[in-house]
Amino acid sequence: MQLPPALRARLAAGPGTAEPLPVARDPAAEAAPFRFAARPVRFPREHEFFEDGDVQRHLYLQDVLLQVADVPEKPRVPAFTCQVAGCCQVFDALGDYEHHYHTLHGNVCSFCKRAFPSGHLLDAHILEWHDSLFQILSERQDMYQCLVEGCTEKFKTSRDRKDHMVRMHLYPVDFRFDKPKKRAGTQASADVQGNSGERSEGDAMEICTEPAVASPAPVGERRTYSHRSVLDLFLQHVRSKCV
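Quick note: the sequence shown uses full-length UniProt numbering, first residue 1, plus one each step.
Next up, the structure:
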């Protein structure tokens with residue numbers, strides 16, 4: 001399709017200047033028919049100008065308050081007792097039972113049945129109280145690790161560790177992690193003297209105060225010995241080799 005020659009020439013020439021629109025002015029008026037000057041306008045608080053904004057604000061705050069006040073209720077179930085043997089705590093909500101279980105029954109030592117609030121403290125307890133080689137290693141190197149999870153500091157004695165936790169981690173002065181568990185028929189000793197030397201009060205571990213005596217065992221059963229008896233035999237063997 002070919003364009004007419006006149007239209008082609010007009011397009012090639014480009015846009016021209018637009019002609020001004022005719023405006024009828026009053027010959028007697030020398031200036032614009034109106035003037036504008038900005039000035040502040042103040043409305044009272046109850047003016048209808050703010051009505052729409054007040055309605056939106058009221059609805060917004062009402063929705064926020066309802067969301068805050070509407071606390072979800074815990075799902076109630078028929079009352080039941082804790083399933084752990086020896087625990088008689090009664091619950092009527094699953095959330096309360098989960099909190100109770102994780103706090104008191106989630107980290108329990110299989111040796112002495114002591115409960116700890118975290119797995120980190122449980123691991124430290126098992127290492128210091130129920131590991132036969134801990135005493136030997138603690139005489140040669142720092143073995144008492146800081147009880148604050150994430151802190152990698154280790155110390156020679158538990159007393160040094162306690163001073164570190166009170167000074168650096170702001171633990172209470174009367175805090176004591178290694179407090180021995182009382183047992184029926186036994187008395188906790190602060191200082192234990194033996195072939196391995198004298199230990200301070202802060203280093204007291206959970207050990208047997210009497211040597212284990214092997215009693216006649218029926219056929220098919222395994223004889224058990226305390227950690228202390230095995231440790232004494234091992235220390236005597238090491239000292240005999242060093243002499």
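C-beta: ideal position from N, C-alpha, C; glycine also.
Only a predicted model underlies this, so the values are computations on that prediction, with no experimental measurement involved.
- In the three-state scheme derived from DSSP, where H, G and I count as helix and E and B as strand, A85 is classed as coil.
- One Cα belongs to M143, the other to T157, and the distance between them is close to 8 Å.
- Between the beta-carbon of H100 and that of C82 there is about 7 Å, and that keeps the pair under the 8 Å contact cut.
- In the DSSP assignment, V41 falls outside any beta strand (DSSP E) and carries neither an H nor an E.
- Distance from A115 to L104 at the Cβ level is roughly 5 Å; contact confirmed, criterion being Cβ atoms closer than 8 Å.
- At the C-beta level, F49 and F43 come within 7 Å of one another.
- By the Cβ neighbour-count rule, Q141 is exposed, with fewer than 16 other Cβ atoms within 10 Å of its own.
- If you draw a straight line from the Cα of F155 to the Cα of G106, it is about 28 Å long.
- If you check the CB distance, F111 and H130 come in under 7 Å.
- Rounded to the nearest whole angstrom, the C-alpha separation of G119 and P172 is 21 Å.
- For K162, the secondary structure class from DSSP, reduced to helix, strand or coil, is helix.
- Straight-line spacing of the CA atoms in V77 and D92 works out to 5 Å.
- D142 sits in coil when the DSSP states are folded into three classes, being neither helix nor strand.
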